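Q: Okay, here's the structure, questions in a sec.
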Amino acid sequence: MARQIIIDTDPGQDDAVAILLALAAPDAVEVLGLTCVAGNVALAQTARNARGILALAGRGDVPVMAGCDRPLRRAPVTAGHVHGADGVRGVELPAPEAPLDPRDAVGFLIETLRARPEGRVTLVALGPLTNIATALERAPDIAERVAEIVVMGGAGAVAGNVTPVAEFNIHVDPHAADIVLSSGAALTLVPLDVTHKALVTPERNARFAALGGTIGATVAALTDPAGQESPRHGTAEPLHDPCTIAWLLAPELFAASRVNVAVETGSELCMGQTVVDWWGVTGRAPNARVLHGVDDEGLFALLTERLARL
Numbered sequence: 023m024a025r026q027i028i029i030d031t032d033p034g035q036d037d038a039v040a041i042l043l044a045l046a047a048p049d050a051v052e053v054l055g056l057t058c059v060a061g062n063v064a065l066a067q068t069a070r071n072a073r074g075i076l077a078l079a080g081r082g083d084v085p086v087m088a089g090c091d092r093p094l095r096r097a098p099v100t101a102g103h104v105h106g107a108d109g110v111r112g113v114e115l116p117a118p119e120a121p122l123d124p125r126d127a128v129g130f131l132i133e134t135l136r137a138r139p140e141g142r143v144t145l146v147a148l149g150p151l152t153n154i155a156t157a158l159e160r161a162p163d164i165a166e167r168v169a170e171i172v173v174m175g176g177a178g179a180v181a182g183n184v185t186p187v188a189e190f191n192i193h194v195d196p197h198a199a200d201i202v203l204s205s206g207a208a209l210t211l212v213p214l215d216v217t218h219k220a221l222v223t224p225e226r227n228a229r230f231a232a233l234g235g236t237i238g239a240t241v242a243a244l245t246d247p248a249g250q251e252s253p254r255h256g257t258a259e260p261l262h263d264p265c266t267i268a269w270l271l272a273p274e275l276f277a278a279s280r281v282n283v284a285v286e287t288g289s290e291l292c293m294g295q296t297v298v299d300w301w302g303v304t305g306r307a308p309n310a311r312v313l314h315g316v317d318d319e320g321l322f323a324l325l326t327e328r329l330a331r332l
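Per this note's numbering, the sequence shown starts with residue 23, numbered consecutively.
Dropping the structure here:
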């Protein structure tokens, strides 16, 4: 039986690839809906991008709901300098096939988790955790109903990508991340420690282009590392969000540890830092499974094989 998932997202070019990967694996995951949140760009654009991605895959039947347009307690932060004003670096997406679903994203999360059997639905969070935290605050009972919350976010033993210690998704809404990590829900964290080992090189990007058709061309354009050189990875670029879906499809590709993770919400210097207790020195009980290793060749083989099916 396919795992039922809701993807909470702020597309984002790597969000787009993650969504396409999920849609390319209907035997393994059933996408019940996309709930959008402000993050990489403002909410209206993330919701538009989500519907464009679905149109690209011919899946206008999947509902898209808009959620929170700002963090819980902080001013909005976006990443237009990384993703462009449109969130996808100018890559043209098809016009949406369906209008935005009028339901509120937070309400959809709560209603779906309450309506489905306990442990049936997994939440996959690709952006700031504002929607999910708001749902947990409104309906604490859903923490026990969710099968798992898989979060792309955080940085454990590696440096942050928006501050020296904080990863973007957690930094944007650290208070929301703290609520999710403290909720008692089953949680898997996919931090920079693993996503920075999933690098799109020019050769891997060429494999996407070689898939042909609109899907291959669009994925290649979304993941093109040209012009994105960095001191950390040179001409390669991390492919963050698809690691969440890959974890659901092929967990054997990853190394993980059960540890305690806390989020810094008090210090402006370290705001949004995920403090991972790798060695159990705090005595705090583990609250998350944290991925820290990946078979990167296996990951990209999975990506190309699945995307070829769309």
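Idealized CB from N, CA, C, for every residue including glycine.
All values reported here derive from a predicted model rather than from experimental measurement.
Which ranges would you report for the beta strand (DSSP E) in the stretch 158-184 if only whole runs of at least 3 residues count?
A: Entirely contained in the stretch 158-184, the beta strand (DSSP E) runs reaching 3 residues are, in chain order, 170-174.
Q: Secondary structure at L291, three-state DSSP: helix, strand or coil?
A: Working through the sequence shown from its first residue, we reach residue 291 at position 269. L291 falls in the coil class under three-state DSSP.
Q: Leaving out the 5 sequence neighbours to the left and right, which residues in its chain are closer than 7 Å to A101 when beta-carbon positions are compared?
A: Position 79 of the sequence shown, counting from 1, holds the residue named residue 101. Closer than 7 Å at Cβ, skipping near neighbours: N62, F190.
Q: Given a threshold of 16 other Cβ atoms within 10 Å of its Cβ, counted over all protein chains shown, does G315 qualify as buried or as exposed?
A: Within the sequence shown, the letter at position 293 stands for residue 315. Per the 10 Å Cβ criterion, exposed.
Q: Does the Cβ-Cβ distance between T326 and Q35 come in under 8 Å?
A: Along the sequence shown, one-based indexing puts residue 326 at 304. Along the sequence shown, one-based indexing puts residue 35 at 13. Not in contact: T326 and Q35 (Cβ atoms no closer than 8 Å).
Q: To which residues does DSSP link R25 through a beta bridge?
A: Residue mapping note: residue 25 aligns to position 3 of the sequence shown, counting from 1. Answer by DSSP bridge pairing, in chain order: V51.
Q: In chain order, what residues of the same chain have a beta carbon less than 7 Å from the beta carbon of D317, not counting five sequence neighbours either side?
A: As a position in the sequence shown, residue 317 is number 295, starting the count at 1. Counting only Cβ-Cβ distances below 7 Å, and skipping sequence neighbours, we find L275.
Q: Going straight from the alpha carbon of L321 to that of P213, what length do you get?
A: Here residue 321 is taken as the residue at index 299 of the sequence shown, counted from 1. Here residue 213 is taken as the residue at index 191 of the sequence shown, counted from 1. Whole-angstrom Cα-Cα distance: 16 Å.
Q: By Cβ distance below 6 Å, which residues in the same chain neighbour G175 in space, the five residues on each side in sequence not counted?
A: As a first step, residue 175 is located in the sequence shown; it is residue number 153 there, counting from the start. Hits under 6 Å: E189, N191, I192.
Q: In the DSSP assignment, the alpha helix (DSSP H) including R136 goes from what residue to what residue?
A: Residue 136 sits at position 114 when you count from the first residue of the sequence shown. 127-137 is the span of the alpha helix (DSSP H), which, as asked, contains R136.
Q: If you check the beta carbons only, do V283 and V303 fall under 8 Å apart?
A: Here residue 283 refers to the residue found at position 261 when the sequence shown is read from its first residue. Here residue 303 refers to the residue found at position 281 when the sequence shown is read from its first residue. Their beta carbons are not under 8 Å apart, which means V283 does not touch V303 by this criterion.
Q: Would V84 and G129 be called neighbours here (beta carbons separated by less than 8 Å)?
A: For the purposes of this step, residue 84 is identified with residue 62 of the sequence shown, where counting begins at 1. For the purposes of this step, residue 129 is identified with residue 107 of the sequence shown, where counting begins at 1. Contact: no.
Q: List, from N- to C-terminal side, the alpha helix (DSSP H) runs of 4 residues or more that fit wholly inside the stretch 187-245.
A: You should have 190-194, 196-203, 214-217, 224-231, 235-245.
Q: What would DSSP say about C58, mapped onto helix, strand or coil?
A: Here the question's residue 58 lines up with position 36 in the sequence shown. Strand, per DSSP.
Q: Relative to the alpha-carbon of L221, which residue among P247, D200, L115, N183 has its alpha-carbon at the smallest distance?
A: In the sequence shown, the residue the question calls residue 221 occupies position 199. Considering only alpha carbons, the answer is P247.
Q: Leaving aside the five residues before and after A44 along the sequence, list all residues of the same chain whose C-beta is less than 6 Å from its C-beta, in chain order.
A: Within the sequence shown, numbered from 1, the residue matching residue 44 stands at position 22. Hits under 6 Å: V51, V53, I267.
Q: If you measure between the beta carbons of P273 and H218, is that distance less than 8 Å?
A: Reading the sequence shown from its first residue, position 251 is the one you call residue 273. Reading the sequence shown from its first residue, position 196 is the one you call residue 218. Cβ distance not < 8 Å, so P273 and H218 don't count as in contact.
Q: Comparing C-alpha positions only, which one of L233, Q67, R331 sits nearest to G112?
A: One-based indexing of the sequence shown puts residue 112 at position 90. Taking only the C-alpha atoms, the option nearest G112 is Q67.
Q: Taking all protein chains shown into account, do 16 or more other C-beta atoms lie within 10 angstroms of the C-beta of M23, making it buried, or fewer, making it exposed?
A: Position 1 of the sequence shown, counted from the start, is the residue given in the question as residue 23. Per the 10 Å Cβ criterion, exposed.
Q: Under 7 Å Cβ to Cβ from A242, same chain only, skipping five residues before and after it: list those, please.
A: On the sequence shown, residue 242 is found 220 positions in, with the first residue counted as 1. For A242, where only same-chain residues beyond five positions count, the Cβ hits under 7 Å are N227, F230, A231.
Q: Which same chain residues, not among the five before or five after R331, have their C-beta less than 7 Å away from its C-beta?
A: For the purposes of this step, residue 331 is taken as the residue at position 309 of the sequence shown. Closer than 7 Å at the Cβ level, and outside the excluded window around R331, lie A46.
Q: In this structure, how does DSSP classify H105 when only helix, strand and coil are distinguished?
A: Locating residue 105 in the sequence shown gives position 83, counting from the first residue. Residue state, collapsed to three classes: helix.
Q: Using beta-carbon positions only, say whether L131 and I171 come within less than 8 Å of one another.
A: Position 109 of the sequence shown, counted from the first residue, corresponds to residue 131. Position 149 of the sequence shown, counted from the first residue, corresponds to residue 171. No. Outside cutoff.
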